[in-house]
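Down below is the structure, laid out as structure tokens.
Numbering (my numbering), first residue to last: 80 to 667.
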């Protein structure tokens, strides 16, 4: 009934880019403007103190935050599961625990950077800075410790720098906020994302500890239920006036953005919200955007979504390879019901690859077995209707209940239709599309796939390649793979790895490929989560094995308690917790 009604009644087009999310009713009453004024007064009064605070005191604050977060983590999971309609003991709960693990990992990585600054003047880089054959500087960022090598076997990460950065510039420019010696504090307003509780936390933690600014976090009404837990978990900052929390919708956000006490703004969300803040709304706002004349007179940074490509490199796969990668893709789509800015969206295949149809069919089978999720994010039903209204051939998979949307796969989208909704609009729910390109060889396919991703798909945040190990050993294909990684104009490029998991490692900057203009902002401007405090970064590149014998973050895992065990390990790394984690991996 639901899908029939959607096909008939809902609109068939939605704006290019990330969605214009409808307003949501918050769980907590909006903060009054008088209270916002008082919170900003507190922050302004303590901003200079924060700038001058001793590193040992900062480390002590982080240590207290770890303790306080431990005290709220079970409640954090409980309220999140209730809000998102996730049953306990399922893949969805495991995902949420992995995000809690990322919070503890963030605290640890950041703490080590502060210790390194105290001892060495900058965060230590876990390996030698290197030069690629094309002269681009690369900085290794993962693994960082022996525990990393054991827990995340086979995974590596590096940051590639902008072309003008020389090797000696990397260490010389690290941790600028800790070297400049300024005594003048600044106040930043952080407009939090509504999909994942850890996103706004990562945003304000970066601003506070990396850039040494005090922050007012305005939570999104969709997930403002985490607000009291944020205030409790980060009480070490709140109580000293280095962080304040506010609630409410666009009215509170607008008041903050134009407040004289706010020096700058950071947001994670829609490019439509970014444009409204930067240029205003209505015809006048549209005119200012067209002319590149902003109404905002202060810096605005943001991460704004993406239609993310997955480039499948054709190769000598067997049936087990096809099945394993289909389960991987389905699991990547399932994370947070597909409501992630780095959810894969467009699977790009070689039209004449022997296994193209087999992979699509295996993906259909995997999605059919995957329990559907509650459509908790505002506007999901409308966006689903727009997709299937435009593509009546869309495959609707999985059993959908009254408030669930089936997994949606749109196969064989015509790549010559550059304006297709699947290529130009971030659907922000559990939806995939698949397209195919003609090419005479795997190498030519890779070149064309990169060109298609860079020029046709909206946004430039994250891209993924799926590559069989035999392809890496092929002297004809390997150079094309490396060329593809270099040419992809995305802030994250992951090989055999989900960018969302790379994000949880907390070791590299998160943001769009640099160079977006404010009138065509795409996936945004600026970075967060830059705990090695690098300057002049271009993109993060992560690599993982094509298949892992034990891969816990799949919906087929036999150990749905893995996320909780990982959170316990990241909160308190020890041989005992490592052994418990290893046992959990063996059960996956």
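In this text, a Cβ means the ideal position worked out from N, Cα and C, and glycines have one as well.
Give me whichever residues DSSP pairs with residue 236 in a beta bridge. As a position in the chain shown, residue 236 is number 157, starting the count at 1. BP columns for residue 236 point to 221 and 621.
Taking the alpha-carbon positions, what's the residue 507 to residue 215 distance? What you label residue 507 is simply residue 428 of the chain shown in a count that begins at 1. What you label residue 215 is simply residue 136 of the chain shown in a count that begins at 1. If you take the alpha carbons of residue 507 and residue 215, they lie about 34 angstroms apart.
Sort out for me which residues DSSP pairs residue 541 with in a bridge. To locate residue 541, count along the chain shown from 1; it is residue 462. DSSP lists 571 as partners of residue 541.
Status (buried if at least 16 other CB within 10 Å, exposed otherwise) for residue 85: Walking along the chain shown from the start, residue 85 turns up at place 6. Caution is warranted here: a pLDDT of 40 is assigned to residue 85, below 50, making its placement in the model unreliable, and no coordinate value can be reported.
If you draw a straight line from the alpha carbon of residue 621 to that of residue 201, how long is it in whole angstroms? Translated into the one-based positions of the chain shown, residue 621 becomes position 542. Translated into the one-based positions of the chain shown, residue 201 becomes position 122. C-alpha of residue 621 to C-alpha of residue 201: approximately 23 angstroms in a straight line.
Please tell me whether residue 624 and residue 656 are closer than 8 angstroms, where the distance is taken between their beta carbons. Here residue 624 corresponds to residue number 545 of the chain shown, with the count starting at 1. Here residue 656 corresponds to residue number 577 of the chain shown, with the count starting at 1. Against a cut-off of 8 angstroms, the Cβ pair of residue 656 and residue 624 comes out as no contact.
Straight-line gap, residue 21 to residue 653 (C-alpha atoms, nearest Å): Nothing about residue 21 can be read from this structure; the chain reaches only from 80 to 667.
Compare the Cα-Cα distances from residue 490 to each of 559, 254 and 514 and report the closest residue. The residue labelled residue 490 in the question sits at position 411 within the chain shown. For residue 490, the nearest C-alpha among the options comes from 514.
Closest by C-alpha distance to residue 295, when choosing among 353, 372, 329 and 336: In the chain shown, residue 295 corresponds to position 216, counting from 1. Of 353, 372, 329 and 336, the residue nearest in Cα terms is 336.
Please report the residue range of the beta strand (DSSP E) in which residue 297 lies. Mapped onto the chain shown, residue 297 falls at position 218. Unbroken beta strand (DSSP E) run through residue 297: 293 to 297.
Can you check whether the CB of residue 587 is closer than 8 angstroms to the CB of residue 287? Here residue 287 refers to the residue found at position 208 of the chain shown. Here residue 587 refers to the residue found at position 508 of the chain shown. Cβ atoms of residue 287 and residue 587: not closer than 8 angstroms.
Whose CA, out of 438, 354 and 130, lies closest to the CA of residue 428? Here residue 428 refers to the residue found at position 349 when the chain shown is read from its first residue. The shortest C-alpha separation from residue 428 is found at 438.
When 372, 378, 230 and 274 are compared against residue 265, the one with the closest alpha-carbon: Within the chain shown, residue 265 is the residue found at index 186, counting from 1. Considering only alpha carbons, the answer is 378.
Segment contact flag, the region 367 to 387 with the region 518 to 525, C-beta cutoff 8 angstroms, min 3 pairs: Two segments are said to touch when three or more pairs of C-beta atoms, one from each, lie closer than 8 angstroms; by this definition the region 367 to 387 does not touch the region 518 to 525.
What runs of the alpha helix (DSSP H), each 4 residues or longer, lie entirely inside the region 375 to 453? Those alpha helix (DSSP H) runs which fall completely within the region 375 to 453 and span 4+ residues are 398 to 413 and 435 to 448.
Considering only C-alpha positions, which residue in the set 534, 664 and 461 is nearest to residue 510? Taking the first residue of the chain shown as 1, we reach residue 510 at position 431. Checking every option, the nearest Cα to that of residue 510 belongs to 461.
Quick check on the DSSP output: the beta strand (DSSP E) that includes residue 514 runs from which residue to which? On the chain shown, position 435 is the one that residue 514 refers to. Residue range 510 to 516 is occupied by the beta strand (DSSP E) that includes residue 514.
Mapping the DSSP letters down to three states, classify residue 495 as helix, strand or coil. Within the chain shown, the letter at position 416 stands for residue 495. The three-state secondary structure of residue 495, taken from DSSP, is coil.
For residue 543 and residue 581, what's the separation of their Cα atoms in angstroms? By one-based count along the chain shown, residue 543 stands at place 464. By one-based count along the chain shown, residue 581 stands at place 502. Approximately 11 angstroms between the Cα atoms of the pair.
Under 8 angstroms, do residue 530 and residue 419 count as touching if we go by C-beta distance? As a working note, residue 530 is residue 451 in the chain shown. As a working note, residue 419 is residue 340 in the chain shown. Using a Cβ distance threshold of 8 angstroms, residue 530 and residue 419 do not count as a contacting pair.
Can you tell which of 208, 231 and 387 has its C-alpha closest to the C-alpha of residue 668? Absent from the structure is residue 668, since the part of the chain shown begins at 80 and ends at 667.
Is residue 115 buried or exposed, if buried means 16 or more other CB atoms sit within 10 Å of its CB? Translated into the one-based positions of the chain shown, residue 115 becomes position 36. Under this definition residue 115 is a buried residue.
If we count the other Cβ atoms within 10 Å of its Cβ and call it buried at 16 or more, is residue 354 buried or exposed? Working through the chain shown from its first residue, we reach residue 354 at position 275. Per the 10 Å Cβ criterion, buried.
Three or more C-beta pairs under 8 angstroms: does that hold for the region 447 to 463 against the region 153 to 172? Flag = yes, the region 447 to 463 and the region 153 to 172 touch.
Is it buried or exposed, residue 555, if we count other Cβ atoms within 10 angstroms and call 16 or more buried? Within the chain shown, residue 555 is the residue found at index 476, counting from 1. Exposed: under 16 other Cβ atoms inside 10 Å.
What are the boundary residues of the beta strand (DSSP E) that residue 650 is part of? Looking up residue 650 in the chain shown gives position 571. Premise fails: residue 650 lies in the alpha helix (DSSP H), 641 to 650, not in any beta strand (DSSP E).
First through last residue of the beta strand (DSSP E) which encompasses residue 268: Taking the first residue of the chain shown as 1, we reach residue 268 at position 189. Start and end: 266 to 270.
For the beta strand (DSSP E) holding residue 346, just list the boundary residues, first then last. Position 267 of the chain shown holds residue 346. Per DSSP, the unbroken beta strand (DSSP E) holding residue 346 starts and ends at 343 to 347.
Tell me whether the region 230 to 237 and the region 250 to 262 touch, counting them as touching only if at least three CB pairs, one residue from each stretch, are closer than 8 angstroms. A contact between stretches requires three or more CB pairs, one per stretch, nearer than 8 angstroms, and the region 230 to 237 fails this requirement with the region 250 to 262.
Whole angstroms is fine: what's the gap from residue 664's alpha carbon to residue 218's? Here residue 664 is taken as the residue at index 585 of the chain shown, counted from 1. Here residue 218 is taken as the residue at index 139 of the chain shown, counted from 1. The C-alpha of residue 218 is placed about 30 angstroms away from the C-alpha of residue 664.
Quick check: what's the CA-CA separation for residue 649 versus residue 180? Taking the first residue of the chain shown as 1, we reach residue 649 at position 570. Taking the first residue of the chain shown as 1, we reach residue 180 at position 101. Computed Cα separation, rounded: 6 angstroms.
Measuring alpha carbon to alpha carbon, tell me which residue in 498, 364 and 441 is nearest residue 402. Locating residue 402 in the chain shown gives position 323, where the first residue counts as 1. Taking the Cα of residue 402 as reference, the smallest distance to any Cα among 498, 364 and 441 is reached at 441.
If the criterion is Cβ atoms closer than 8 angstroms, does the pair residue 541 and residue 421 meet it? Taking the chain shown and counting its residues from 1, the one referred to as residue 541 is at position 462. Taking the chain shown and counting its residues from 1, the one referred to as residue 421 is at position 342. Contact flag set, yes.
Does DSSP classify residue 127 as helix, strand or coil? On the chain shown, residue 127 is found 48 positions in, with the first residue counted as 1. Helix.
For residue 645, tell me which candidate among 660, 545, 603 and 638 has the shortest Cα-Cα distance. Translated into positions along the chain shown, residue 645 becomes position 566. Relative to the Cα of residue 645, the nearest Cα in the group 660, 545, 603 and 638 belongs to 660.
For chain C, is any of its Cβ atoms less than 8 angstroms away from the one on residue 152? You won't find chain C in this structure, because it holds only one protein chain.
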